[in-house]
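Participant:
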Amino acid sequence: MDHLIIDIETVPLELKDEVIREYLMDKQISKEMRSLNPLYSKIICICLKPKDKETVILSSDNEKELLEQFWSIVKDYHLFITHNGYGYDIPFIIIRSTINKIKPTININLNKFQMLTSNHFDTMLFFSQNSVFTNPRLDIVAKTCNIDIGDSRFDGREIERLYKEGKLDQIKQHCKEDVEITEKVYLYVKS
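Note that the sequence shown covers residues 316 to 506 in the numbering used here.
Below, the structure written as structure tokens:
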């Protein structure tokens, strides 16, 4: 079965609505917390790594176009591989698609208790055994499995700064590396 590895990169939206800004302050929702919430952030990069093919990098300031491209590609696949896809990437994509009035072309499973028999395998959930253990970062899983990931990786918390500095190429490279490492981890698990 052909699989597709998925990873996204997001940045906080510039919020101008005073009611929303007051709400965030009242609830003490920090900028870092906002960047992980699809109501207050947007997708700027999606990387898709088909089995035995080159990584497809989708990147744009036009999130609607980005999501339309994403749904156009994923409809042709039957197995989706992520790292924290149940808890972040896929729900984020679904909510941002709803906000942008885009209908998903396929249902990607979000019931983590059906993961092993569904169309969505999450390497983080596998290595945490559905959150029985601490949810491990991708680089930690790779290193634990003796998978070479190189030395030039940066922390995902750098994405917003790089975006503001116009360093989109570094963000795209980071996202590309993430899908390639996720695929290596998945193949390691399945071997």
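Beta carbons: idealized from backbone N, C-alpha and C, even for Gly.
Between which two residues does the beta strand (DSSP E) containing E324 stretch?
Facilitator: The sequence position of residue 324 within the sequence shown is 9, counting from 1. It spans H318 to P327 - the beta strand (DSSP E) in which E324 sits, taken as one unbroken run.
Participant: Checking the sheet assignment: what are the DSSP bridge partners for F436?
Facilitator: By one-based count along the sequence shown, residue 436 stands at place 121. Beta-bridge pairing links F436 to I396.
Participant: May I have the straight-line CA-CA distance separating V500 from L453, to the nearest angstrom?
Facilitator: Your numbering for residue 500 matches position 185 in the sequence shown. Your numbering for residue 453 matches position 138 in the sequence shown. Going by the C-alpha atoms only, they are around 9 Å apart.
Participant: Examine chain C for any beta-carbon lying closer than 7 Å to the beta-carbon of L381, and answer yes or no.
Facilitator: Of the chains in the structure shown, none is chain C; there is only one protein chain.
Participant: Pick out whichever of I320, E324 and L319 has its Cα sitting closest to the Cα of Q485.
Facilitator: As a working note, residue 485 is residue 170 in the sequence shown. It is E324.
Participant: Between which two residues does the alpha helix (DSSP H) carrying S387 extend?
Facilitator: On the sequence shown, residue 387 is found 72 positions in, with the first residue counted as 1. Looking at the DSSP string, the run of the alpha helix (DSSP H) that includes S387 is E378 to V389.
Participant: Exposed or buried, which one is G402 when buried takes at least 16 other CB atoms within 10 Å?
Facilitator: Here residue 402 refers to the residue found at position 87 when the sequence shown is read from its first residue. By the neighbour-count rule (16 or more Cβ atoms within 10 Å), G402 is buried.
Participant: Where DSSP assigns a beta bridge to L373, which residues make up the other side?
Facilitator: In the sequence shown, the residue the question calls residue 373 occupies position 58. Here L373 is bridged, per DSSP, to I361.
Participant: Within 10 Å of its beta-carbon, does M340 have 16 or more other beta-carbons around it, so buried, or fewer, so exposed?
Facilitator: Sequence index remark: in the sequence shown, residue 340 carries index 25 (1-based). Its Cβ having fewer than 16 others within 10 Å, M340 is exposed.
Participant: Between K418 and the rest of its own chain, which residues show a CB-CB distance below 8 Å, the 5 nearest in sequence each way excluded?
Facilitator: Your numbering for residue 418 matches position 103 in the sequence shown. So the qualifying residues of the chain are W386 and S412.
Participant: Can you give me the start and stop residues for the alpha helix (DSSP H) that E347 sits inside?
Facilitator: Reading the sequence shown from its first residue, position 32 is the one you call residue 347. Taken as a continuous stretch (DSSP letters only), the alpha helix (DSSP H) holding E347 covers K346 to R349.
Participant: Please name the residue in K427, H398 and T420 whose C-alpha comes closest to that of E492.
Facilitator: By 1-based counting over the sequence shown, the position of residue 492 is 177. Ranking the options by Cα distance to E492, first place goes to H398.
Participant: How many angstroms separate the CA atom of D395 from the CA atom of V371?
Facilitator: Counting from one through the sequence shown, the residue named residue 395 turns up at place 80. Counting from one through the sequence shown, the residue named residue 371 turns up at place 56. In the sequence as presented, Asp is not what sits at residue 395; that position holds Phe. About 14 Å.
Participant: Using a Cβ-Cβ cutoff of less than 6 Å, which residues in the same chain neighbour S433 once the five nearest sequence positions on both sides are dropped?
Facilitator: What you label residue 433 is simply residue 118 of the sequence shown in a count that begins at 1. Answer for S433: N424, listed in chain order.
Participant: If we count the other Cβ atoms within 10 Å of its Cβ and call it buried at 16 or more, is D437 buried or exposed?
Facilitator: Translated into positions along the sequence shown, residue 437 becomes position 122. Buried, since its Cβ has 16 or more Cβ neighbours within 10 Å.
Participant: Just list the residues that DSSP pairs S356 with in beta bridges.
Facilitator: In the sequence shown, counting from the first residue as 1, residue 356 sits at position 41. As DSSP reads the structure, S356 sits in a beta bridge with P327.
Participant: Please classify D498: is it buried, with 16 or more other beta-carbons within 10 angstroms of its beta-carbon, or exposed?
Facilitator: Indexing the sequence shown from 1 puts residue 498 at position 183. In the sequence under discussion, the amino acid at residue 498 is Glu, which differs from the Asp named in the question. Buried, by the Cβ-count rule.
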